[in-house]
Amino acid sequence: MYFSVFKFTMNTLHLSFILHLLHAVAFEEAFRASNSGVISFGNFFHHKDHKLVAATLKDERVESSDECLVRCVQTHGCLSVNVNTTGDDQGLYVCELLASDKYENQSNFRPSKGIDHYSIANPCEKKPCQHRGKCVPFYTNHTYKCECPAGTLGQDCQITGNYRNCTD
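Be aware that the sequence shown starts at -9, since it is given in my numbering, and climbs by one per residue.
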């Protein structure tokens, strides 16, 4: 399952039933209730002991990683989060809402003990780009594009050769 926003009207499904379903899905999930009686949620991949060093939209203190994921869903432009795994004296955790993902900043995605990174689920998690191609996710329609290195072609950079023009 890739990132998607699901909407249910509160009149057709009971909130506790929806929350139960959210916990049953394989990915980390976040949700939010809006004033219009609609619930939205996004699927996240959990990257234990990893951090993305990127532009921070907001730096907040939260009670759990789930609360951090909810804040990301509620924040326009949030593509991923870093969450400290150890709370402070008040039991709160640092939650960094990020305007980027590990695909835009591959060189800044690194191991970091004590911090977990969560990224919005997308087709790039399956590493479709071959021969060191760079995967670029499109979150709005759940697709991707491979930026292929020189000497490779195809949707997934799967064709190799010495290509000079379209007739080769």
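Built from N, CA and C at the ideal position, the CB exists for glycine as well.
All of these numbers come straight from a predicted model, not from anything done at the bench.
Relative to the Cα of VAL73, the nearest Cα in the group ARG100, ARG51, GLY141 belongs to ARG51. Below 8 Å, too few C-beta pairs join the region 114 to 121 and the region 78 to 86 to call them touching: fewer than three.
DSSP places ARG61 in the helix class (H, G or I) of the three-state scheme. Membership of TYR108 in the beta strand (DSSP E) is indicated by the continuous run 105 to 110. CA-to-CA, the gap between GLU94 and ASP39 works out to about 19 Å. Where LYS38 is concerned, there is no enclosing beta strand (DSSP E), because DSSP gives it neither an H nor an E. Here the C-alpha atom of SER109 lies approximately 23 Å from the C-alpha atom of CYS138. Proximity to SER70 across VAL126, ALA111, CYS147, PRO101 peaks at ALA111, based on C-alpha coordinates.
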